[in-house]
Every structure is written in structure tokens, then in C-alpha cells.
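Notes for the one structure printed next.
2 protein chains.
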Amino acid sequence: MYVIWALMFSLLAVLLVKGFAPYACGSGIPEIKTILSGFIIRGYLGKWTLVIKTITLVLAVSSGLSLGKEGPLVHVACCCGNILCHLFTKYRKNEAKRREVLSAAAAAGVSVAFGAPIGGVLFSLEEVSYYFPLKTLWRSFFAALVAAFTLRSINPFGNSRLVLFYVEFHMPWHLLELLPFILLGIFGGLWGAFFIRSNIAWCRRRKTTRLGKYPVLEVLVVTAITAILAFPNEYTRMSTSELISELFNDCGILDSSKLCEYVNDFNSTKGDDLPDRAAGPGVYTAMWQLALALIMKVFITIFTFGMKVPSGLFIPSMAVGAIAGRLLGVAVEQLAFYHHDWAIFSGWCSPGADCITPGLYAMVGAAACLGGVTRMTVSLVVIMFELTGGLEYIVPLMAAAMTSKWVADAIGREGIYDAHIRLNGYPFLEAKEEFSHKTRARDVMRPRKSDPALTVITQADMRVEDVEAIVGSTTYSGYPVVVSRTSQRLVGFVLRRDLIISIENARKKQDGIVSTSIIYFTDYCPPQSPNSPSPLKLRSILDLSPFTVTDETPMEIVVDIFRKLGLRQCLVTHNGKLLGIITKKDVLKHIAQMANQDPESILFN
Amino acid sequence: MYVIWALMFSLLAVLLVKGFAPYACGSGIPEIKTILSGFIIRGYLGKWTLVIKTITLVLAVSSGLSLGKEGPLVHVACCCGNILCHLFTKYRKNEAKRREVLSAAAAAGVSVAFGAPIGGVLFSLEEVSYYFPLKTLWRSFFAALVAAFTLRSINPFGNSRLVLFYVEFHMPWHLLELLPFILLGIFGGLWGAFFIRSNIAWCRRRKTTRLGKYPVLEVLVVTAITAILAFPNEYTRMSTSELISELFNDCGILDSSKLCEYVNDFNSTKGDDLPDRAAGPGVYTAMWQLALALIMKVFITIFTFGMKVPSGLFIPSMAVGAIAGRLLGVAVEQLAFYHHDWAIFSGWCSPGADCITPGLYAMVGAAACLGGVTRMTVSLVVIMFELTGGLEYIVPLMAAAMTSKWVADAIGREGIYDAHIRLNGYPFLEAKEEFSHKTRARDVMRPRKSDPALTVITQADMRVEDVEAIVGSTTYSGYPVVVSRTSQRLVGFVLRRDLIISIENARKKQDGIVSTSIIYFTDYCPPQSPNSPSPLKLRSILDLSPFTVTDETPMEIVVDIFRKLGLRQCLVTHNGKLLGIITKKDVLKHIAQMANQDPESILFN
């Protein structure tokens, strides 16, 4: 029955995605990152995607697959933001303004998904957005505030709390406990790197082999396997959020869960109402079940993320970490209980007292695994606070997040979102990596030495047919305009599209424009002899402030300029003469080439 | 006795500052902001400043003046960072790298001052730093982690907590309470704007009149007045941190403070262990004392901030807000108690129960006032969390912070640090304001139309004496090098300093360099006739990739380029010919001019 329901939900989800909105699959964060960096994916943030993603997200989560709702909710929020933008002229016309709205929408998305408004703003800053000025920070903050306020008004958890996994721990942590926390960080980093590699390898196989042709079948098979494996184990049968919540929880005297079956026949020296910490049979059973759940989650998530249903990564990653953390926590706890006379425990862990909080280990483990997969740091720690209210555990969380990032970065430099961006070949100029090679603009610009000269348009002596011939024989998106072919002094840059439209319009609507009309890009147009055709003035479509660098400019600076100013192309001059052009694609290709020549990066990619 | 001790401490502090390290005064944050934006203040981050500031900060805080330790601690941290930088060649030589270290140091400073590691990172991002790439974010995060870890190891509060003002509230807040919270936000904004205006007016008077000549006397007078006014009132006599801590605290049954003297003869409907909420005589006395303390703090802080002692603003601002908040909180509480039948209280505030937490109001008020003065948003809310552990009150805090920022921004656009930067005339290019005027590069560049032409150096036909004449007759920091005077095609840019040093060295050490030697900036140097003096080759000092824009480039873009790339100057070309130059000072002057022409900004400044 469980399996049949799961199959029905997932079948419906994948059919809806396949039939109506192919963009509704996946988490959407890699694509939003790419869009925010200036690339346009038409329809990705449209209303169909919104409707279908919302419906299928519910179905996909209900089907028991190992996926979360957070990433897709960010995508949904961005769809809403984009659609609202269309209502206001100011945003409809201005690409940059719209991107600011999308950044704020991403913040609101996380804010709603987790009830973590500040974490949402920081997630948008650290992980999603490409360019994040302070103004956008405040706007995102406001969006997140409204989102949190709305959430609070609706009060979905029924406890006047925004916090999803509220924990209340009794004991402060001891400095020596940092050791297991750092171990959890290392585990998180290893898991993150392993997950990214395996997932990318599997997605690449899906893209290149016949497997990709049967997305519906794939979803059904994975759902069936998940359901069959998950059902017998109570920790995988329950919803993943519940599982995390239970793992985070500290055992009070009233807790009846198996995880809290401690033997109570030791005399507590403190006489408090906490159970003594010798693990009972229930705990041992739970440990086995959790270990099995861990193995299952680890593998099934690799195959789930990237299927043709909406799928987020936060919850599965956190579950893996929480299970590992709880296992380690119970182990350390038992160690401290049975060996409280060891030197490392002496002084802070009196016999019979509970000095270890396994729930805290679960929390730290969850943070470490999430960090390993996404490579977040600040936003991760803030999200963990806001999720759990565990403000006192800032140092353990930070230590685990940092270790996890270091370990994962040492194995593979990209986070899961960047890896998927590269897998899909989006033109994304990574803002995080420093470019430190010693090449210069002249090494990257086109034309190369052996190629024919750069196609240029002169400002005052070309005929309409000459320009049409240039436009017809090349596919560049724009052409530099120079004073004359001999001087090669740059006047401006004209876009191919503008050029085609202007000439077409002029031929249709303007009298006397024929193939032999001279095109003038100058302000002043000399008087024509009476029998020559009337001239075509195109100064208005000329961009008079194209970006230029000299051929000697180090590529380090060029890359920096492209990133910070969001350029699509840049002209290269030498001693005031136009020499060539560098486009964003040239820059990306160059960075990739340099990275491949670098022996270290071969090892790490 | 109290007054005499205060006078002794403050006298010692001001004498030390005046005698050994004049830079040790004030909060230091405006100067650090300026330094991070690329300006150099020699000795500002040196070892003397470090030593003297550390000592005098202790003295100034002990003297009972209305000042805090947070800003100065950021300065101290940056001094440490700067001094450590000198030990490593990598950082000593690279200005940009050093600034990254300083950003991280600022984060660590706040982390230590408040025990708020994440808040510190965000403070550095939002308030202090000029350019904050993700790499710096992670490094700051690490620095803050180590700082928090060290703090935790030392355990200064003796409770295994980093949290300075730990609060534990019992009641969730009700949506209707947002109204008073927003009122507190408005109060915070008004106070912030009022404080900034008055403080700047006072500091300007100090700078321009005879007052500035007697810093020691000023400090003594202010200390004496503070001490005399503060002593009779128990809320101003105690240290400001204690005051804030007491105001934030909710009244438990065990609290013996006057603020918690509630009348207990009403029968609580809940039968819980909380005191009933009819204010007793103690509360009324406390209210009067607090109101007086508020008035005193408001005025004395205006005169204190900017004196010749280290002085931070966080704690005094928070104190003002906390007092105002507590007053409002008690008022609302009593209103709810005596009028629980009113429609607005019905349904959530049963008779005799305590449904209002005055401590929460104090917390929100503190956030609002701090926000009004500094205009922080995200970092403010995070710092408030980390200070109090009050994670559930995220929406009230966010609402107050946002309101406060809006109100304060409507009255005066600058935060206190920016206002002090402008007061001191540091060349700081504000990264937050958008420049939206329609001027172009040609309107700003020098030379203006009526001025003589730009001073340039030609690449291959100037003699040593010609160049020396140019360097001697002008004071520019650098000169563009062109192909020839007639073509005006730009080759590169040479710094005045490099030029002087190179020519001097060549004259001393190189044979045959005389006043009539030709200077070559070219790669190739043509063979000289035997009887002419040997040529001087200076290509190595030429910057071959100077930044250029065309004369038609909108100033909006030019300002953006200056900000994002941290330029000091930029050359202006037209059709490939060099036309003029724009320096950072020209940009700043232009922005100021345009702001003055704008009728709106006159109103608001």
C-alpha cells in the first residue's frame, strides 16, 4: 500500500513536469544562480513553472523520495518575484533591477522554507546571488521580514514559533567535545565531496546514455526502491523532517522514543529528573536501524537528486548528517558513561551524570553535511541557529562548518550547485575563485595572430550594402565602429540586432535609402551631392562608451572587470588603436584552459 | 569620591592619548572604513595606537563616561591585524590583501566585544568594509570562529556562555504587540537622526572654535558633569552594561530589583510562580529614575562621542533604547493589566496573567536605537540575537530595525560613521548611494574646456630636461604617456614618484645620462648617433594598462567603476585620442556638487 501510494504520487509528479513545465524539475538553484549572473533562460521563471512546480513539489515530497522542499521553494519564490516584476514598468524594462528582486525573492524563499529570515538573506548573499550590493541586502532583509511575519501569522507549527526543529538542551558543551565535532566536520566534508562526485557522474551518465530517454520510468524505479527499502525501517518510514527533529532532540524523562530507552537502575549522583545514561536495549536497536538508514539515505539521495521531479538537497543532507552525528553522540556518551575515570573525562563528567548531549552531535553533524554539499559557512550557521534555536552552540557549529568546507574543498573545489552549472554548460563566471595566471589581454583577445583582422565598421564611409554584407557573413553579436580602417581609432560599438532592425526600418520607411546609401555614425553628416542617394544616420544606435582595456592588461584584472561590472564583451586597444575583442565566452574558455594546464587542478577536478 | 576617581581615570586617559597616540581617540570605525576604501592614514594602525588605545579604553570605560568599548575594540583588532601583516611579505607588499586581513580583524573585534561571532562578520560586511568578496567572508568567519573559541576558553562571564545579556522569556509575543515595537522603531530612528545631527554640530563647533584647543579640560568637564549627574541615580551609577542587562531581564519571582516590585495581592488565574502584574511603588520609583536616566544619557552621549578618549557608541545607544523600551513595556503591561477587557487585549490576555514582557520591549528598543545611529539591519538583528539568545523574537527585532532605518534615513541619509567621515573630510566614495544624474565623463574630466590642455609626456621624443620641467611645474601624481602630441594616442600612465626616482637614479648611476638625453618609453629604442647623449629607457616604470573610458560614458557608470575597481584615476578618450583625466577627487567633488543641486538632498542634509 505504502509503495503503491508512493508510486502514484511520483508518477503524477513526473508526468506533470514532463508534460507542462520541463523547467520545474530539480532544485532550480543552479539555474537561478546562472540567471542572476546575467544569462537568460526563457520561461524558467514563468507562470507555468510556478504552478507545476508548486503542485509537483507537494507530490514529490509526499511520495517519500529522499528529497527536500527548500531548493524548489526558492525557485517558486523567484518565479513569483519574476511574475510580479512584469506588473511594473520599472522592473520589466531593467534587467539589473529585476535581478535585485530575484535576489530578494530567494531570501524570502529560504525564509519561508525554514522559518529562517536572516539565514535566508545570507543564503541569497553567499550562495545564490552574483552581485549583492548593500541596497539589495536591505531589500532582501525586508522581503524576509515580511515572509517571516506572514509565516508567524499563519503559525503553521501551532506553537507561535518560527523554529522548525526547536531544541532545548540542558548542558553546556565542554571544550574537549570539539574533537568529535571536528570529526563530524570531516565526515560532512567527505560526504559532501563524495555526494557531488557520484551525483555528477550519475547525471552525466543520464545525459549521455539511453537512460535519459526514460525519465518517467527512472522516477518510478527509484520511488519503488526507496519505498521498499524505507518501509521496514521506522526511521526511514517517517518523514525526513520528523526524523531530523527526533534526532536533534535531547532525551527528557518523558520521552518514550526508542532512542531514549536508557537503563535507569544506576543511582544518579545529581538526583535530577534526567534518565541515567547507560544505553538500554532500545537504544542499541535504534542504533542499528539508524546505521542502516544512513547507508540507504547516502546512496538513494545520489540517484534522486537530478531526476525529473522537483528535488531539494537540504533535508536529505541534513538527515545524513544528523544520523551520523547521533550515532557518534551516543557512542561518545556511552564512552563517557563507562569510562568516566579516563583522563579526558575527569573534571567535567562526574559518574552517572549525563555530560554528553547526543542531540547536539546530531545538530552539528547535520550542519557539517549540509556544509559539505553546499559549501556555505556563515549562512549555514545562521540557518542552523534559526532552525534549532541553539544559539549557545555557535562555536561547535562554526567549527564543524569550517572543517567540512576545508575537507570538501580539498577534494573537489565546486559545491553541488556550481557542479550542476558546469554539468549543464551554463555560461557562469565564478566569482569566488581568484584568477592568478600571468596571461594578458592580448593572449585571449580575438582575432588571434594567425586569424584575419577583426571585423569592424567605419564611421562615415560604408554603404548600406557593405554593412549588410558584413552582417550577413558573420555571426558576431556586435561590431566595433572605428574612425577609419587605417587609423583603427575606436568610436563605439554597435549591436548586430540594432543594426539589422535599423537598416530594415530605414529601407521600408525612409525615402531614398538604397543599397548605396552611406551610413554615418558621426554627429555631423556632410552635405551630399544631389545625385547621390540620401545618407542613413545611425549615431543613435551606437554605444559611445564601449569598455576598453589595453592589450597589456593582465587577465587577472580583465577577469575582475568582467565579474564586477557584469560585462558581455570588452574591446582591446594598443596605443589607442583597436586591436581585438574579448567576450565573456572567451574569458570563460581561457579560465578553463588555464585551470586545465594547472597540474593541481587536474588532480582536484 | 566617585567623582574624583572618575576624574583621575579620565585625566590619565586623555593625557596618554594626547601625549603618545593622538589616533587612539574616538571609535576608530570611520577611519577604518576610509582605510578599507583605499585611503592611507599613516600610523593609524600602528603599535603605539594599539598600546595606548588598549590602556586608555580601560581607563575611559572605568571613568563612568557614557561610552562603550565595542568600536575601540574593532580598532584595536585592526591594529593587531595590521601589525601581524608586517610579519609576512605577502601581506606587507600587497595593499589589497592587507585590507582583507583588516576586514577579518574587524569581524574578530566585534566577535570579542560582544561574543557575537556571526554578528561580527556581518558588521564587517555591512558597516565597515568597502569591498567584501566571498573569500573575505570565509576568512572573517574563520577569524571570528577563533576569536569566539578563545573567548569561550577564557570563559569571562563564568557561565560557559558567550552571550553577554542572556535573557530567558516565558511568553511568546502577540501579533498586536508589533504596534508598540514599531513605535520603538520610530523612536530609535528619531533618536538616531537627532543624535547624529547634534553630535556632528557639536564636533564641528569643536573643530572650528577655540573649544578644540583644550581637549584635556573638555574631557575633565564632561567627566565631572557625568559623574555628578550620574551618582544620585542608581540606574546611571551602575555600569551601562549592567543597566542594559537588568532592563532586558524579565522579572522572575526571585528578582529583588526595584523594577520587579509588583503587587502580589491579585489572585493569579494561572496559579503560576510569576508575580502578578500590578505595578508596586518600587516600579513607579524605578520609572521616574529611568526617565531621568534616559534624558541624561541622551544629552551627555552627544558631548561624549568624539572627545579625545577612546569612545564607542554601541553601549550608550543600546542603553537609551533599552530605557525607552522598558518604560514603554511597563506602560503597555499596566494598560493590559488594568484594561484587559479592552477589545485589543481580549482573547490573548486573560485577567491577572502576565501577557506583556517589558524586558522584550527593552531589547527591541535597544536594537532600534542602535539601528538609528548606525543604520545597520541584518548585522544588527544578528548581533541582538547573539547578545541575548532571544531567537524567537526575530520578527519584532527585524520590524524595529527596519522602521528605525527608514525613519532615520528620511531625516538624514548618513549613519554616524559616514557623517564623521564627511566631517573629517576623508576621501571616501560612498558605496551605498546610487548616482543617478545624467552627466557624462566629459563634464567631469580635467582639463575643462577653458583650461590649458592636459599635461602629457610623449613616448619617444622628450629630453630629460623637458620631463623634469613638467614634473617641476605641476603637482599631479602621474602623467599620461602618448605616442605623439599630434596624435594624442594613449600609450600608458607613469607615476610622478616613479619618474622622479628613475631620473635621479639614472643621473647618478648610469653613464651618459644628461639633461639632453632622450627618454624612451617604447620597447624599441632606435640607434643613436655617436655624438648624441645615451638614451634613458623607462618602459619598465610605465603602467601599460591604464584605465580608460570614453568622454560619452555616463557618470553613473564611471562612479560605478571607481567604486567597484577601487580606482584612483581614469583617463578619458574620444575616438581613441586622449582627452583628459578623472581622479577620485574629481568624482567625489562632482557627486557633492550634484547632490547640492538636487533640491531634495538639500532638505535632507
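Line by line, the protein sequences give chains A and B.
Residues in the first sequence are numbered from 1 upward in steps of one, following our numbering.
Residues in the second sequence are numbered from 1001 upward in steps of one, following our numbering.
Here a beta-carbon is modelled for each residue, glycine too, at the ideal position from N, C-alpha and C.
Open item on the list: Please give me, in chain order, every unbroken run of the alpha helix (DSSP H) with length at least 4 that falls completely inside the region 171-228 of chain A.
Closed with: Segments of the alpha helix (DSSP H) lying fully in the region 171-228 of chain A: 178-208.
- [ ] Establish whether the CB of A/Leu-259 and some CB of chain B are separated by less than 8 Å.
- [x] Along the first sequence, one-based indexing puts residue 259 of chain A at 259. No, its Cβ sits nowhere closer than 8 Å to a Cβ of chain B.
Open item on the list: So for B/Arg-1440, helix, strand or coil by DSSP?
Closed with: Here residue 1440 of chain B is taken as the residue at index 440 of the second sequence, counted from 1. Here B/Arg-1440 sits in strand by DSSP.
- [ ] Check distances from the C-beta atoms of the region 361-382 of chain A to those of chain B and list, in chain order, the residues that come in under 7 Å.
- [x] Cβ contacts with chain B come from Thr-377, Val-378, Val-381, Val-382.
Task: Anticipated Cβ contact below 8 Å, B/Met-1398 with A/Ala-148, distance rounded - done: To locate residue 1398 of chain B, count along the second sequence from 1; it is residue 398. To locate residue 148 of chain A, count along the first sequence from 1; it is residue 148. Contact between B/Met-1398 and A/Ala-148 holds: their C-beta atoms lie close to 7 Å from each other, under 8 Å.
Open item on the list: So that I know if they touch, is there some Cβ in chain A lying closer than 8 Å to that of B/Val-1559?
Closed with: If you number the second sequence from 1, residue 1559 of chain B lands on position 559. Taking Cβ atoms only, chain A never reaches closer than 8 Å to B/Val-1559, which makes this a no.
Task: Same chain, Cβ closer than 7 Å to A/Arg-606, neighbours up to 5 away in sequence not counted - done: Residue 606 of chain A lies beyond the residue range present for chain A, which begins at 1 and ends at 605; the question has no answer from this structure.
TODO: Quick one: grab the DSSP three-state call for A/Arg-237.
DONE: Within the first sequence, residue 237 of chain A is the residue found at index 237, counting from 1. Annotated three-state conformation of A/Arg-237 is helix, per DSSP.
Open item on the list: Let's see if you can read the secondary structure: which residues bound the alpha helix (DSSP H) around A/Lys-449?
Closed with: Locating residue 449 of chain A in the first sequence gives position 449, where the first residue counts as 1. Going by DSSP, A/Lys-449 is part of no alpha helix (DSSP H) at all; its letter is neither H nor E.
Task: At least 3 beta-carbon pairs within less than 8 Å: the region 184-197 of chain A vs the region 407-414 of chain A - done: The answer is yes - the region 407-414 of chain A touches the region 184-197 of chain A, with three or more Cβ pairs under 8 Å.
- [ ] Would you list, in chain order, the members of the region 134-148 of chain A that have their beta-carbon closer than 9 Å to a beta-carbon of chain B?
- [x] Residues Leu-134, Lys-135, Leu-137, Trp-138, Ser-140, Phe-141, Phe-142, Ala-144, Leu-145, Ala-148.
TODO: Just the chain A side, please: which residues come within less than 9 Å of B/Val-1549 by C-beta, in chain order?
DONE: Within the second sequence, the letter at position 549 stands for residue 1549 of chain B. For a Cβ distance threshold of 9 Å, residue set Ser-545, Phe-547, Thr-548 of chain A lies close to B/Val-1549, ordered along the chain.
Task: chain A contact for B/Asn-1643 (CB, 8 Å cutoff) - done: Since the first and last residues shown for chain B are 1001 and 1605, residue 1643 of chain B lies out of range.
Open item on the list: What would DSSP say about B/Lys-1405, mapped onto helix, strand or coil?
Closed with: Position 405 of the second sequence, counted from the start, is the residue given in the question as residue 1405 of chain B. In this structure, B/Lys-1405 counts as helix in the three-state DSSP scheme.
- [ ] Let me know if B/Ile-1004 comes out buried or exposed under the rule of 16 or more other beta-carbons within 10 Å of its beta-carbon.
- [x] Along the second sequence, one-based indexing puts residue 1004 of chain B at 4. Burial state of B/Ile-1004 is exposed, judged by a 10 Å Cβ sphere holding fewer than 16 other Cβ atoms.
TODO: Look at the Cβ atom of B/Val-1373, then the Cβ atom of B/Ile-1323, and state whether they are nearer than 8 Å.
DONE: Along the second sequence, one-based indexing puts residue 1373 of chain B at 373. Along the second sequence, one-based indexing puts residue 1323 of chain B at 323. At a Cβ-Cβ threshold of 8 Å, B/Val-1373 and B/Ile-1323 do not count as neighbours.
Open item on the list: A/Phe-114 and A/Leu-360 - do their beta-carbons sit closer together than 8 Å?
Closed with: Sequence index remark: in the first sequence, residue 360 of chain A carries index 360 (1-based). Sequence index remark: in the first sequence, residue 114 of chain A carries index 114 (1-based). Cβ distance not < 8 Å, so A/Leu-360 and A/Phe-114 don't count as in contact.
Task: Under the three-state DSSP convention, the category A/Ile-582 falls into - done: Here residue 582 of chain A refers to the residue found at position 582 of the first sequence. Secondary structure at A/Ile-582: strand, using DSSP grouped into helix, strand and coil.
Open item on the list: Counting only beta-carbon separations shorter than 8 Å, does A/Phe-165 have a partner in chain B?
Closed with: On the first sequence, position 165 is the one that residue 165 of chain A refers to. Taking CB atoms only, A/Phe-165 has no neighbour in chain B less than 8 Å away.
TODO: Compare the Cα-Cα distances from B/Arg-1497 to each of B/Val-1364, B/Ser-1436, B/Glu-1468, B/Glu-1552 and report the closest residue.
DONE: Position 497 of the second sequence, counted from the first residue, corresponds to residue 1497 of chain B. B/Arg-1497 has its Cα closest to that of B/Glu-1468, out of B/Val-1364, B/Ser-1436, B/Glu-1468, B/Glu-1552.
- [ ] Measure the C-alpha to C-alpha separation of B/Ser-1010 and B/Ser-1063 and round it to an integer number of angstroms.
- [x] Residue 1010 of chain B sits at position 10 when you count from the first residue of the second sequence. Residue 1063 of chain B sits at position 63 when you count from the first residue of the second sequence. Their backbone Cα atoms lie some 6 Å apart in a straight line.
TODO: Output, in chain order, the set of chain B residues within a Cβ distance shorter than 7 Å of A/Ala-105.
DONE: Locating residue 105 of chain A in the first sequence gives position 105, where the first residue counts as 1. Within 7 Å Cβ-Cβ: nothing; A/Ala-105 doesn't reach chain B, min ~17 Å.
Open item on the list: Beta carbons nearer than 7 Å to chain A: which residues of the region 1028-1048 of chain B have them?
Closed with: Contacts with chain A (Cβ-Cβ distance below 7 Å) from the region 1028-1048 of chain B involve no residue at all.
Task: Rounded separation between B/Lys-1018 and B/Ala-1060 - CA only - done: Walking along the second sequence from the start, residue 1018 of chain B turns up at place 18. Walking along the second sequence from the start, residue 1060 of chain B turns up at place 60. One C-alpha to the other measures close to 14 Å.
Open item on the list: Using a Cβ-Cβ cutoff of 7 Å, what residues of the region 185-206 of chain A are near chain B? List them in chain order.
Closed with: Against chain B - using a Cβ distance shorter than 7 Å - the region 185-206 of chain A contributes no residues.
Task: Whole-angstrom distance between B/Leu-1084 and B/Gly-1026, CA atom to CA atom - done: Taking the first residue of the second sequence as 1, we reach residue 1026 of chain B at position 26. Taking the first residue of the second sequence as 1, we reach residue 1084 of chain B at position 84. Rounded to the nearest whole angstrom, the CA to CA distance from B/Gly-1026 to B/Leu-1084 is 23 Å.
Task: Contact with chain B by A/Asn-249, beta-carbon distance below 8 Å - done: In the first sequence, counting from the first residue as 1, residue 249 of chain A sits at position 249. No, A/Asn-249 lies away from the interface with chain B (no Cβ there is under 8 Å from its Cβ).
Open item on the list: Could you tell me the alpha carbon to alpha carbon distance between A/Thr-548 and A/Ala-108, rounded to whole angstroms?
Closed with: Residue mapping note: residue 548 of chain A aligns to position 548 of the first sequence, counting from 1. Residue mapping note: residue 108 of chain A aligns to position 108 of the first sequence, counting from 1. About 38 Å.
Task: Cβ-based burial, A/Gln-593 [other Cβ within 10 Å; buried from 16] - done: Taking the first residue of the first sequence as position 1, residue 593 of chain A is located at position 593. Under a 10 Å Cβ-count criterion, A/Gln-593 is classified as exposed, with fewer than 16 other Cβ atoms of the shown protein chains found around its own Cβ.
Task: Exposure label - A/Tyr-338; buried when at least 16 CB within 10 Å - done: Sequence index remark: in the first sequence, residue 338 of chain A carries index 338 (1-based). An exposed status is given to A/Tyr-338, since fewer than 16 other beta-carbon atoms sit within 10 Å of its beta-carbon.
- [ ] Would you tell me roughly how many angstroms separate the C-alpha atoms of B/Leu-1588 and B/Phe-1428, rounded to the nearest one?
- [x] Within the second sequence, the letter at position 588 stands for residue 1588 of chain B. Within the second sequence, the letter at position 428 stands for residue 1428 of chain B. Distance between the alpha carbons of B/Leu-1588 and B/Phe-1428: 8 Å.
TODO: Could you work out which residue in A/Leu-579, A/Val-559, A/Arg-205 is closest to A/Ser-436 when comparing CA atoms only?
DONE: Mapped onto the first sequence, residue 436 of chain A falls at position 436. For A/Ser-436, the closest C-alpha among the options A/Leu-579, A/Val-559, A/Arg-205 is that of A/Val-559.
Task: A/Phe-248 versus B/Pro-1215 - alpha carbon distance - done: Here residue 248 of chain A refers to the residue found at position 248 when the first sequence is read from its first residue. Here residue 1215 of chain B refers to the residue found at position 215 when the second sequence is read from its first residue. Pairing A/Phe-248 with B/Pro-1215, the inter-Cα distance amounts to about 57 Å.
Task: Proximity to A/Phe-123 [Cα-Cα], best of B/Leu-1495, B/Val-1378, B/Leu-1065 - done: Here residue 123 of chain A refers to the residue found at position 123 when the first sequence is read from its first residue. Closest option to A/Phe-123, Cα to Cα, is B/Val-1378.
Open item on the list: Distance check for B/Asn-1082 and B/Lys-1090, CA to CA, integer angstroms please.
Closed with: Here residue 1090 of chain B is taken as the residue at index 90 of the second sequence, counted from 1. Here residue 1082 of chain B is taken as the residue at index 82 of the second sequence, counted from 1. When only Cα atoms are considered, B/Lys-1090 and B/Asn-1082 end up about 13 Å apart.
- [ ] Starting from A/Phe-314, follow the beta strand (DSSP E) in both directions and report where the run begins and ends.
- [x] Taking the first residue of the first sequence as 1, we reach residue 314 of chain A at position 314. That residue, A/Phe-314, is in no beta strand (DSSP E); its alpha helix (DSSP H) goes 314-338.
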